[in-house]
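J.:
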Amino acid sequence: MGLNCAQGAPSIQRTLRNGWEPDTHSSRQRRLISEWFCTAGRTLFRSSPLLRQIFATKTQLFATKSIDKLIADSERPDRALRKSLGPVSLTALGIGAVIGSGIFTVIGVAIGGNPAALAKWADSPVVDLILGLLHHTNGAVAGRPGAGPAIALSLILVAIVCALTGLCYAELASMIPIAGSAYTYTYATMGELIAWIIGWDLILEYAFSNMSVSVGFAAHIVDLLDWLGLHLSPKWLSPAYLPLGLQDLAGNTIYAPGWHAGFDIPAFLVVLLLTVVLVRGIRESARTNNIMVLIKIAAILLFIGFGASFIHPSNYHPFSPNGWTGVLAGGSIIFFTYIGFDSVSTASEECKNPRRDVPIGILATLIVCTILYVGVAVVLTGIVPWRSVAGDGAPVVNALRRVSLLPGGHRLHFVHLAVLLGALVGMVSSILVFQLGQARVWFSMSRDRLLPDVFSRVHPRFRTPAFATVVAGFLVAIPSGLFDVGTFAEMSNIGTLFAFVLVSAGVVVLRYKDPSRHRGFRVPFGPIIPILSVFFCILLMAGLPAKTWLRFFIWLAIGLVIYVLYSRKRSEFYKAVTPSE
1 MGLNCAQGAP SIQRTLRNGW EPDTHSSRQR RLISEWFCTA GRTLFRSSPL LRQIFATKTQ
61 LFATKSIDKL IADSERPDRA LRKSLGPVSL TALGIGAVIG SGIFTVIGVA IGGNPAALAK
121 WADSPVVDLI LGLLHHTNGA VAGRPGAGPA IALSLILVAI VCALTGLCYA ELASMIPIAG
181 SAYTYTYATM GELIAWIIGW DLILEYAFSN MSVSVGFAAH IVDLLDWLGL HLSPKWLSPA
241 YLPLGLQDLA GNTIYAPGWH AGFDIPAFLV VLLLTVVLVR GIRESARTNN IMVLIKIAAI
301 LLFIGFGASF IHPSNYHPFS PNGWTGVLAG GSIIFFTYIG FDSVSTASEE CKNPRRDVPI
361 GILATLIVCT ILYVGVAVVL TGIVPWRSVA GDGAPVVNAL RRVSLLPGGH RLHFVHLAVL
421 LGALVGMVSS ILVFQLGQAR VWFSMSRDRL LPDVFSRVHP RFRTPAFATV VAGFLVAIPS
481 GLFDVGTFAE MSNIGTLFAF VLVSAGVVVL RYKDPSRHRG FRVPFGPIIP ILSVFFCILL
541 MAGLPAKTWL RFFIWLAIGL VIYVLYSRKR SEFYKAVTPS E
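Its first residue numbered 1, the sequence shown is counted upward by one per residue in my numbering.
If you want it as structure tokens, here you go:
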């Protein structure tokens, strides 16, 4: 029988007036006590606006969006995106993101590491600090260790993690075919607060990834100009801030560490040009990307085919110079390039048949890219000593340049040019996909009123989120011309892994909350794969330096301040409490 606080109050008063009789009508007495506490709590709640606001805020923070409502909102005529993508275009989009910056630039950092003269806790991987704590030592190491030739094992580890997480993405994308990716999935499973955190995290992830790729693109442009015999002023081909300075191939100093009068024009222009392509529409962008992907794969196969004949087995010894710590750290660095299949799911709203096409696109992307990655890694570490690529922003093309100068290496002269052009195309396709994904996340957050409405407006002709795309373009292009953001690649990594953790957990949550909903694709073996995905993602996060974790927490704190002061009050779940209530 339900309790009515208002009706129970007179009975409580009679009980208090007549006295308490122990062991007499105990059930009735318990009911009266419950009614009294109910009445007292309601009176206190009504008299305290602060308590009412706290209760309303708690309800809002963990409020989830109905999946049916998410799909209905996305189909409104004024906010509907054009559906034009199939599984081939989706796979090409994924390959365009994955096989890009990492295989041509970051792979050298993952192989060689970031050695330092002194052991500092801030530069040490978290896993080393944890192990040191367990062994009663400080655990600090001299910089982040490199994987060496064992980068192939790092890539296999990353492929396993991506396969597990990719299956989780495929299930959620087949259930929630909406732009926004991990942000949309967490909004439907874990509530508004977690959705805001992951959306803020994705903005960081996409932006810093593209800044790094844009600077790498400019470095390869310099290499191309050198091949052509053109030597322009480095003032307009390098960032204005160079923390390590700038040297030529002979080791002569061009710029000392710090600021100099200049601007990285190639990095700036490539972002703006691709922004125009994205504003014109996803169909044109996808067609352009398909062509670039074919060129890029051809260049990679060319490098593997010609480079394999110059492999020296002695370069593989020692195979794992820094043990499993180096393998883990290398995987943690190279991981951010696998953000490509996440970009596949961000475009699910523009798919003709998302329940079928998104899982195919994700898994096909992982298979193709993993094979190409391992092939390049094996050849690269076989043709040059692994230490020679440490800190190299263009390790693949520079390795070909070194080998071409050796006896019998003259035939690699034009191979070097072909791979260089393929690398440039690969970086362009990466920027294209990352910018597409970033604009779609802003679009989704604005559609949920967590960002200003202008970010969810679509172009009347092209039916694309034009304003969000343009703003994202300038916010990436300007820093790319000013700063050397290679050190921020780790920030993108931890953001990517954090998003993967929440997406994998979201599969388990939805299996519990909405087991009967139709799933075009279902992760096999129950909750085992999502749990393994969470575990391995956290393991890779532990391979990142402690300072990266600290910066990530600061970024999240800034996002929480914005949410509390602005976004929370605009949300459809927000309910302000007035004194009269």
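Cβ atoms here follow ideal geometry from the backbone N, Cα and C, with glycine treated the same way.
#1: Should E572 be labelled buried (16 or more other beta-carbon atoms within 10 Å of its own) or exposed?
#2: Is the beta carbon of G422 sitting closer than 8 angstroms to the one on I295?
#3: Measure the C-alpha to C-alpha separation of F104 and G326 and round it to an integer number of angstroms.
#4: Would you mind working out which of L90, V379, G96 and G86 sits nearest L424, comparing C-alpha positions?
#5: As a quick exercise: from Y169, W200 and V458, pick the residue whose alpha carbon is nearest that of G559.
#6: Skipping 5 residues on each side, what residues in its chain have a beta carbon closer than 6 angstroms to that of H459?
#7: Mind listing, in chain order, the continuous alpha helix (DSSP H) runs of no fewer than 4 residues lying wholly within the segment 341-429?
#8: Just to confirm before moving on: does the CB-CB distance between L167 and I531 stay below 8 angstroms?
#9: Quick one: residues in its chain with C-beta nearer than 6 angstroms to the C-beta of L224, no 5 flanking neighbours on either side, listed in chain order?
#10: Between which two residues does the beta strand (DSSP E) harbouring I529 extend?
#11: Is W121 helix, strand or coil by DSSP?
#12: Looking at V271: is its Cβ nearer than 8 angstroms to the Cβ of V534?
#13: How big is the Cα-Cα spacing for S430 and I99?
#14: Tell me the DSSP secondary structure of G481 in three-state form.
#15: How about A173 and T186: are their beta carbons less than 8 angstroms apart?
#16: Could you check what DSSP says for G305 in three-state terms: helix, strand or coil?
#17: R280 and F462: beta carbons closer than 8 angstroms?
#18: Under 7 angstroms Cβ to Cβ from N222, same chain only, skipping five residues before and after it: list those, please.
#19: Taking just the CA atoms, how far does V384 sit from H635?
#20: Please say whether G86 and I362 have beta carbons closer to each other than 8 angstroms?
#21: Is DSSP giving L436 helix, strand or coil here?
#22: Taking the CB atoms as reference points, tell me whether S332 and L544 lie closer together than 8 angstroms.
#23: Taking the alpha-carbon positions, what's the F552 to L204 distance?
T.: From the atom records:
#1: Within the sequence shown, the letter at position 572 stands for residue 572. With fewer than 16 other Cβ atoms within 10 Å, it is exposed.
#2: Taking the first residue of the sequence shown as 1, we reach residue 422 at position 422. Taking the first residue of the sequence shown as 1, we reach residue 295 at position 295. Cβ distance < 8 angstroms, so G422 and I295 count as in contact.
#3: If you number the sequence shown from 1, residue 104 lands on position 104. If you number the sequence shown from 1, residue 326 lands on position 326. A direct Cα-Cα distance of roughly 20 angstroms separates F104 from G326.
#4: As a working note, residue 424 is residue 424 in the sequence shown. For the residues L90, V379, G96 and G86, the minimum Cα distance to L424 belongs to G96.
#5: Residue numbering aside, residue 559 sits at position 559 when the sequence shown is read from its first letter. Comparing Cα-Cα distances from G559 to each of Y169, W200 and V458, the minimum goes to W200.
#6: Position 459 of the sequence shown, counted from the start, is the residue given in the question as residue 459. Closer than 6 angstroms at Cβ, skipping near neighbours: A466.
#7: Listed in chain order, they are 354-383 and 395-404.
#8: For the purposes of this step, residue 167 is taken as the residue at position 167 of the sequence shown. For the purposes of this step, residue 531 is taken as the residue at position 531 of the sequence shown. Going by C-beta atoms, L167 is not nearer than 8 angstroms to I531.
#9: As a first step, residue 224 must be located in the sequence shown, where it is residue number 224. The beta carbon of L224 lies closer than 6 angstroms to those of L420 in the same chain, with the five residues before and after it left out.
#10: As a first step, residue 529 must be located in the sequence shown, where it is residue number 529. In the DSSP assignment, I529 falls outside any beta strand (DSSP E) and lies within the alpha helix (DSSP H) extending over I528 to M541.
#11: The residue labelled residue 121 in the question sits at position 121 within the sequence shown. Collapsing the DSSP output to three states places W121 in coil.
#12: One-based indexing of the sequence shown puts residue 271 at position 271. One-based indexing of the sequence shown puts residue 534 at position 534. Their beta carbons are not under 8 angstroms apart, which means V271 does not touch V534 by this criterion.
#13: Taking the sequence shown and counting its residues from 1, one reaches residue 430 at position 430. Taking the sequence shown and counting its residues from 1, one reaches residue 99 at position 99. So the two alpha carbons sit approximately 8 angstroms from each other.
#14: Taking the sequence shown and counting its residues from 1, one reaches residue 481 at position 481. Under the three-state reduction of DSSP output, G481 falls in the helix class.
#15: By 1-based counting over the sequence shown, the position of residue 173 is 173. By 1-based counting over the sequence shown, the position of residue 186 is 186. Between A173 and T186, the C-beta gap is not smaller than 8 angstroms, which leaves the two residues out of contact.
#16: The residue labelled residue 305 in the question sits at position 305 within the sequence shown. DSSP, read as helix, strand or coil, puts G305 in helix.
#17: Locating residue 280 in the sequence shown gives position 280, where the first residue counts as 1. Locating residue 462 in the sequence shown gives position 462, where the first residue counts as 1. In this structure, F462 lies closer than 8 angstroms to R280 by Cβ.
#18: Working through the sequence shown from its first residue, we reach residue 222 at position 222. Per the sequence presented here, residue 222 reads as Val, with Asn not at that position. Result list for V222: L237, in chain order.
#19: Outside the shown range of the chain, which is 1 to 581, sits residue 635, and nothing can be said about it.
#20: Working through the sequence shown from its first residue, we reach residue 362 at position 362. Working through the sequence shown from its first residue, we reach residue 86 at position 86. No, the Cβ-Cβ distance between I362 and G86 is not below 8 angstroms.
#21: The residue labelled residue 436 in the question sits at position 436 within the sequence shown. It is helical.
#22: For this step, residue 332 is matched to residue 332 along the sequence shown. For this step, residue 544 is matched to residue 544 along the sequence shown. The Cβ-Cβ distance between S332 and L544 falls below 8 angstroms.
#23: Indexing the sequence shown from 1 puts residue 552 at position 552. Indexing the sequence shown from 1 puts residue 204 at position 204. Their Cα atoms are separated by approximately 9 angstroms.
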